[in-house]
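In terms of our numbering, the sequence shown opens at residue 7 and continues consecutively.
Report on one structure; see the data block that follows.
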Amino acid sequence: MIKVKAQAKWVRTSALKVRRILKLIQGKKAEAVLDILKFMPQKAAAITYKVLKSAIANAKNNYKLSTKELIISEAYADTASMLKRIRPRARGRAFPIKKRISHITVVVSGKEME
Numbered sequence: 007m008i009k010v011k012a013q014a015k016w017v018r019t020s021a022l023k024v025r026r027i028l029k030l031i032q033g034k035k036a037e038a039v040l041d042i043l044k045f046m047p048q049k050a051a052a053i054t055y056k057v058l059k060s061a062i063a064n065a066k067n068n069y070k071l072s073t074k075e076l077i078i079s080e081a082y083a084d085t086a087s088m089l090k091r092i093r094p095r096a097r098g099r100a101f102p103i104k105k106r107i108s109h110i111t112v113v114v115s116g117k118e119m120e
């Protein structure tokens, strides 16, 4: 089994929101998951769709793997550093805003074509 990886780094969405999507797709066939992700309304689903398409393209072009037999072996999201902003409040106070960023990784695996 050959493992092929694709990443999207510095994505402006929370890792928790992305992990919700990634839990649904682990262990499934890559071609079937593309159809599922295409019609999900979440922003994280659209980003995951692009990363998965990239992983499939990497497997096809770099390793000559059959796209129909690819399985998503790993899919995870890591937190990156935050963008810290200030929200002005009453009486001169300021509350912090944490704009969260994540790194998304999708690993597909498949058998070599002989």
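We treat Cβ as the ideally placed atom computed from N, Cα and C, and that holds for glycine.
Owing to the predicted nature of the structure, the values given are computational and were not obtained by experimental measurement.
{"Query": "To the nearest angstrom, how far is the alpha carbon of asparagine 68 from that of arginine 99?", "Result": "55 Å"}
{"Query": "Distance check for alanine 51 and phenylalanine 45, CA to CA, integer angstroms please.", "Result": "9 Å"}
{"Query": "Closest to leucine 40 by C-alpha separation, out of Ile77, Arg26 and Lys9, would be which residue?", "Result": "Ile77"}
{"Query": "For leucine 22, count neighbouring C-beta atoms within 10 Å of its own C-beta (all shown protein chains included) and say buried if the count is 16 or more, exposed if not.", "Result": "exposed"}
{"Query": "Are lysine 105 and arginine 25 closer than 9 Å when you measure CB to CB?", "Result": "no"}
{"Query": "Put threonine 19 into one of helix, strand or coil per three-state DSSP.", "Result": "coil"}
{"Query": "Using a Cβ distance threshold of 8 Å, determine whether the segment 56-70 contacts the segment 82-97, with at least three qualifying pairs required.", "Result": "no"}
{"Query": "Judging by CA-CA distance, which residue of Ser72, Lys70 and Ala36 is the nearest neighbour of lysine 56?", "Result": "Ala36"}
{"Query": "So is threonine 54 buried or exposed if we call it buried at 16+ other beta carbons inside 10 Å?", "Result": "buried"}
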